[in-house]
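Student:
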Amino acid sequence: MIKTHFNSIVAENVMKSGPLQRREGEFDFSLADRFVEFGEDNEMHITGHTLIWHSQAPNWFFTDSQGNDVSREVLIQRMENHIKTVVGRYKGRVKGWDVVNEAILDDGSYRKSKFFEIIGEEFIPLAFQFAHEADTEAALYYNDYSMSNPGKRQGVISMVKKLQEEGLKIDGIGMQGHVGLDYPSLQEFERSIVAFSDLGVEVMVTELDITVLPSPRANQGAEVSTNFTYQEKINPYKEGLPDSVSEALTERYLDFFKLFIKHQDKISRVTTWGVADHHSWKNNWPVRGRTDYPLLFDRNYQPKPMVSRLVEAVTLD
């Protein structure tokens, strides 16, 4: 299916720091190597995801042998070693990297992660510096969710401008597409596409999936630590989607792709976060054990009716 329908790939988990380096200095590239080889064998554009992220980082990254926070200097050295080892291994093969993931909050302030607490906001330019030193030809990206939120939009713009003012290489901004049937507004999403493009960088729609399930709270973005107790009332489609909901999902996908086509001069890539519904993380987030339908292919690996309409929309443009 991937060979037939897609021309670029990104790993959901196997290139994150936790799976790659569970213990300091002991890298396990077995799955990441297979991922990259698959992309090369099928002449696909390969994106690496992700070098620095507060989540799915191994605990040792931030602590010493007694469990205390390491010094600023130690954490910077660990960052540099990790980034340069990973990027260096795939130099010339992985064409672009999500260097930093989810470092800005919805209000535009910096997330108070361990990277921020120990190093300060400088951890972001340092990450971009180390990645560029490891592979001067690789494209470097910042990636985040809820990017249509005006506060986050301005926070990301400010952060990227600082990188540019320092002369650091940043080639693109990834707008995660974890969206629902009624959020965010297309108008705010479009404002962010234009605003990010105005920085002189490419815009990518990353991690696209559209949930049909009711949210336990209003528009929670994609914070992976969020978790709610299972309730039957928020898992209404265990036996399949009603026609009305299926049509609403189709129209929502079409609306987004019409927006992407409108701004195709700004958007370099659209990536879905998964292939078929049963593999999607949305079945277990933010409530474990639900049945969601967020992707283009169903649980039997068959294209949903929306796929032919998406192809038609792109072809007619």
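First residue of the sequence shown: -7, per my numbering; consecutive thereafter. Backbone N, C-alpha and C fix where the C-beta goes; we use that ideal spot for every residue, glycine too.
1. Would you kindly report the start and end of the unbroken beta strand (DSSP E) that includes Gln168?
2. Determine whether the beta carbon atoms of Gln13 and Phe21 lie at a separation below 7 Å.
3. Check Val262 in the structure and name its three-state DSSP category.
4. Arg282 to Gln179, Cα distance in whole Å?
5. What is the rounded straight-line gap between the Cα of Asn60 and the Cα of Ala49?
6. DSSP has Met196 in a bridge; who is on the other side?
7. Please report the distance separating the alpha-carbon of Tyr293 from that of Glu158.
8. Taking all protein chains shown into account, do 16 or more other C-beta atoms lie within 10 angstroms of the C-beta of Glu243, making it buried, or fewer, making it exposed?
9. Would DSSP call Tyr222 helix, strand or coil?
10. Quick check on Ile68: buried or exposed, where buried means 16 or more other Cβ atoms within 10 Å of its Cβ?
11. State the start and end residues of the unbroken beta strand (DSSP E) segment that holds Gly40.
12. Using a Cβ-Cβ cut-off of 7 Å, state whether Gly164 counts as contacting chain C.
13. Could you tell me the boundaries of the alpha helix (DSSP H) in which Leu246 lies?
Tutor: According to the structure shown:
1. Gly164 to Gly172
2. no
3. strand
4. 30 Å
5. 16 Å
6. Gly166 and Arg261
7. 47 Å
8. exposed
9. coil
10. buried
11. His37 to Trp45
12. Although the question refers to chain C, the structure presented lacks it and comprises just one protein chain.
13. Asp235 to Lys254
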